[in-house]
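Protein chains in written order, with my numbering: chain B, 2 to 382; chain E, 135 to 394. Here's the structure, in structure tokens; my notes come after.
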Amino acid sequence: MTDRITNSQLYQLIATNFRELIREPGVLFWGTVFPILMSIGLGMAFTRKKDVVTIVAVAGENHLVWHPNDSASALLQFLDAGRSSIEKDKTGTFSRTITIADDKLGNTTFVFRSMEWQQAMVLLKRGSLNLILDEKSGALQYHFDPMNPEAQLTYLKLSRMFNSKGTVLAGSGTSVVPLTVSGTRYIDFLIPGLIAMGVMMSSMWGISYAIIERRSKKLLRRMVATPLKKSNFLLAQIAVRVLMNFVEAGLLFLVAFLLFHTTIQGNVAALFTLFLAGNFAFSGIAIFISCHTAKTEIGNGLINAFSMPMMVLSGVFFSYHNFPGWSIPAIQKFPLTMMADGMRSVFIEGAGFGEVAFPIVILTATGIVFFIAGMRFFKWH
Amino acid sequence: MTHPETPGGNLVIRVSNVHKSFKTVQAVRGIDLAIEAGRFVAILGPNGAGKTTLVELIEGIQQPDEGEILIMGKTWKGNENYLRQIIGLSLQETHFIDKLSVWETLRLFASFFGIGKERCEEVMQLIALEEKKRAWVVNLSGGQRQRLALGISLLNKPRILLLDEPTTGLDPNARREIWAILRKLKEQAQTSLILTTHYMEEAEQLCDSIVIIDQGKILKEGTLTALLGEVRDLPVKPVETRRITLDDLFISLTGRHLHD
């Protein structure tokens, strides 16, 4: 009976595949260990929702006088009654924190931060906050993009808290002021991030995977058996990809312009330079990733290892300020974060060369370092 | 045939006491080889004999652990650009870009040598793929792909052609088509060929001399007639109607068949 099973084609095929898998440590790592590490990382980021911290800007006329002794503000009276804690940062800005305890849904902590309207708008465009609160004659005004689900949730939670029975604000008038000005909508936040992510993904897959596949098929080895200039080969790979990235980004912007009237509020030349620097950084990383392996399975894993964390953490789809505070300085150093933040600042905050010079320099340096490291270990055959 | 710039007479390749190991495997163990201009030489041996490693050493992508290799009197070090211009190569298995046509593939490789359309047309004719000029590589048969690989190796009119098992896995017809191309090349007497194979018929059909290697060492070398003349004391006497082959010689030397 045992012999019949072990002699069967299916058994031998399964056994062969299994042996092949466990005898290739790289495949095993990328296939099993890496997804586990990713799940641990993402699990830590998203499942510890016991304390959701939401920043709410308090802007408008009241923000200048919004200090602990201001008794004219109904909002302040509410926060005092709710035993909020008061903090004053280095710039002298007051913020008050209040927590709504909820055993089932998890606690929600609101940080009410007093600031000027312009600053509040910049933070809103960056995704650091999603709602601005204003108080006029004792009535609260909520300013947010009605198309942003996170902002809607903040509004619903806040209005429920403010209007609960027995509070100073109960029965006072409230109004919602939709923010649909270009640059404040979710789509304005999303487009620069999508362009940056497109550059990353296109470079990683377009350059890395193509090189690894050519190596695995021995085409690379065949090519370098001729007088082919190796630099030409790599240059061609990068040039085609950068060109494609321009076309893809241009199309994405065109669609956003036609459908959502998205505009570039800052310096177009600065945006172009930043875009080039981003392409350079990701091309360098792509060359580094593909410098040695001839196995496409390992290539897949490496590409995912570099791109997935950035895709999730770098604030392409939502602000990375949702992640724990300790992680944000590290996230801000990722190439994708730098590119996406820089592009957002030009697209929606009106930034010029001065504001994006730092990301341009860092992205270019990243490209150079990874390119040199990649060439150092590059295996042509 | 003697080339004027070939130092030391008409030797195009000289391999002297070359050793090469990979981790614990000794792939090449003290091989000496001298190949004259215009000669077709077969490296014959079973799988794992060290044929491919020897070709890779001659081709310059592997460095010998010990010994020296001279191509046209030059070592690879410092002469790579020149040597790449005069060597043609076809690997045991190369997958060209699937969705590139035959013509585009030839043009691509021709560009590496700075060669224009005319030579591509000539090569296309030589490998008899004119009808498939616009066909994607992915749609070619195994034999057609191998002819394309051979055509690419001939684009630069190489002085030295290295073919690593060019007909392995091909059906007899496809194999004969490759042989026909190589015979035409031989008639022109411009190219020296090193051909690795484990098909003795291929070596017999195409080559002036044959080098039999096993376990990284040369067992015998010489012309086909000389080698067959050496077949003595075979374990099994050939049946009267069967002609003596190189396989018989290999059996007499190792106790195994060439195709084992």
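Backbone N, C-alpha and C define an ideal beta-carbon position, used for all residues, glycine too.
Beta carbon of residue i nearer than 9 Å to that of residue j
i: T109 of chain B; j: V53 of chain B; result: yes
i: S150 of chain E; j: L191 of chain E; result: no
i: N55 of chain B; j: K158 of chain B; result: It should be pointed out that residue 55 of chain B corresponds to Thr in this sequence rather than to Asn. Yes. Within cutoff.
i: N391 of chain B; j: S217 of chain B; result: The structure shown does not extend to residue 391 of chain B, since chain B is modelled only from 2 to 382, so the question has no answer here.
i: Y143 of chain B; j: L130 of chain B; result: no
i: R268 of chain E; j: W237 of chain E; result: yes
i: T301 of chain E; j: E336 of chain E; result: yes
i: I213 of chain B; j: I329 of chain B; result: no
i: F384 of chain E; j: D348 of chain E; result: yes
i: D232 of chain E; j: W270 of chain E; result: yes
i: A282 of chain B; j: T365 of chain B; result: yes
i: L242 of chain E; j: L392 of chain E; result: no
i: S308 of chain B; j: M202 of chain B; result: yes
i: L252 of chain B; j: V347 of chain B; result: no
i: Y210 of chain B; j: T297 of chain B; result: yes
i: K320 of chain E; j: F174 of chain E; result: yes
Anticipated Cβ contact below 8 Å, residue i with residue j, distance rounded
i: L295 of chain E; j: V257 of chain E; result: About 13 Å; that fails the 8 Å criterion.
i: P180 of chain E; j: R309 of chain E; result: With a Cβ gap of about 18 Å, P180 of chain E and R309 of chain E do not count as contacting.
i: M162 of chain B; j: G207 of chain B; result: Their Cβ separation, rounded to whole angstroms, is 49 Å, which puts M162 of chain B and G207 of chain B out of contact at 8 Å.
i: D146 of chain B; j: L180 of chain B; result: 5 Å
i: F335 of chain B; j: S315 of chain B; result: 5 Å
i: H382 of chain B; j: I195 of chain E; result: 5 Å
i: N322 of chain B; j: G107 of chain B; result: With the sequence shown as reference, residue 322 of chain B is identified as His, and Asn is not the correct amino acid for it. The Cβ separation is near 18 Å, so there is no contact.
i: E193 of chain E; j: I221 of chain E; result: 7 Å
Residue from the options whose Cα sits closest to the Cα of residue i
i: R97 of chain B; options: B:L229, B:V59 and B:P193; result: B:V59
i: T379 of chain E; options: E:N273, E:I346, E:P300 and E:G350; result: E:I346
i: F95 of chain B; options: B:A102, B:D103, B:S86 and B:I101; result: B:S86
i: S160 of chain B; options: B:L220, B:M148, B:T175 and B:A287; result: B:T175
i: Q219 of chain E; options: E:R253, E:F246, E:N307 and E:C341; result: E:F246
i: K154 of chain E; options: E:D381, E:K351 and E:S386; result: E:K351
i: Q160 of chain E; options: E:I177, E:L178, E:A176 and E:G182; result: E:G182
i: C254 of chain E; options: E:G212, E:L240 and E:K267; result: E:L240
i: L223 of chain E; options: B:P330, B:W327 and B:L220; result: B:L220
i: M98 of chain E; options: E:E252, E:K320 and E:T357; result: Chain E is shown from 135 up to 394; residue 98 of chain E falls before or after that span and cannot be answered.
i: T187 of chain E; options: E:L340, E:V271 and E:D298; result: E:D298
i: M122 of chain B; options: B:D189, B:L154, B:F111 and B:S74; result: B:D189
i: R186 of chain B; options: B:A82, B:K126 and B:L141; result: B:K126
i: L141 of chain B; options: B:L364, B:A75 and B:A237; result: B:A75
i: M344 of chain B; options: B:Q333, B:I332 and B:V357; result: B:V357
i: Q153 of chain B; options: B:V57, B:G267, B:T3 and B:I6; result: B:V57
i: V317 of chain B; options: B:W327, B:H262 and B:I332; result: B:I332
Inter-residue spacing [alpha-carbon to alpha-carbon] between residue i and residue j
i: L145 of chain E; j: T330 of chain E; result: 19 Å
i: L65 of chain B; j: K89 of chain B; result: Residue confidence is low: L65 of chain B scores 49 on pLDDT, short of 50, so the model does not pin down where it sits. Its coordinate-derived value is still stated next. The alpha-carbon atoms of L65 of chain B and K89 of chain B are separated by roughly 14 Å.
i: S235 of chain E; j: G277 of chain E; result: 16 Å
i: I344 of chain E; j: S284 of chain B; result: 49 Å
i: F113 of chain B; j: K105 of chain B; result: 24 Å
i: R377 of chain B; j: D103 of chain B; result: 55 Å
i: T380 of chain B; j: I286 of chain B; result: The amino acid occupying residue 380 of chain B in the given sequence is Lys; Thr does not appear at that position. Cα-Cα distance, rounded: 16 Å.
i: T294 of chain B; j: L260 of chain B; result: 43 Å
i: S165 of chain B; j: F79 of chain B; result: 11 Å
i: D381 of chain E; j: V152 of chain E; result: 26 Å
i: A250 of chain B; j: G199 of chain B; result: 7 Å
i: L1 of chain B; j: T100 of chain B; result: Chain B is shown from 2 up to 382; residue 1 of chain B falls before or after that span and cannot be answered.
i: A278 of chain B; j: L217 of chain E; result: 38 Å
i: N305 of chain B; j: G368 of chain B; result: 18 Å
i: F359 of chain B; j: V248 of chain B; result: 26 Å
i: T264 of chain B; j: T168 of chain B; result: 43 Å
i: L362 of chain E; j: Q339 of chain E; result: 14 Å
i: V362 of chain B; j: S232 of chain B; result: 24 Å
i: E214 of chain E; j: K230 of chain B; result: 12 Å
i: K185 of chain E; j: L38 of chain B; result: 44 Å
i: E151 of chain B; j: W118 of chain B; result: 20 Å
i: S320 of chain B; j: L235 of chain B; result: 35 Å
i: A383 of chain B; j: A197 of chain B; result: Examination of residue 383 of chain B is not possible in this model, given that chain B is present from 2 through 382 alone.
i: F324 of chain B; j: Q120 of chain B; result: 22 Å
i: M312 of chain B; j: R242 of chain B; result: 19 Å
Any non-hydrogen atom of the ligand MG within 8 Å of residue i CB
i: A278 of chain B; result: Among the components modelled here there is no ligand, and therefore nothing to report on the ligand MG.
The stretch 260-269 of chain E contacting the stretch 303-318 of chain E, beta-carbon criterion three pairs below 8 Å:
yes
Cβ pair count under 8 Å reaching 3, the stretch 169-185 of chain E against the stretch 321-341 of chain E
yes
Touching or not, the stretch 330-341 of chain B and the stretch 191-203 of chain B, by the rule of three or more beta carbon pairs under 8 Å?
Below 8 Å, enough C-beta pairs join the stretch 330-341 of chain B and the stretch 191-203 of chain B to call them touching: three or more.
Within 8 Å, do at least three Cβ pairs link the stretch 223-232 of chain E to the stretch 272-286 of chain E?
yes
Three or more beta-carbon pairs under 8 Å between the stretch 220-232 of chain B and the stretch 242-259 of chain B, yes or no?
no
Tell me, please, whether the stretch 347-367 of chain B touches the stretch 257-277 of chain B by the rule of three or more beta-carbon pairs shorter than 8 Å.
yes
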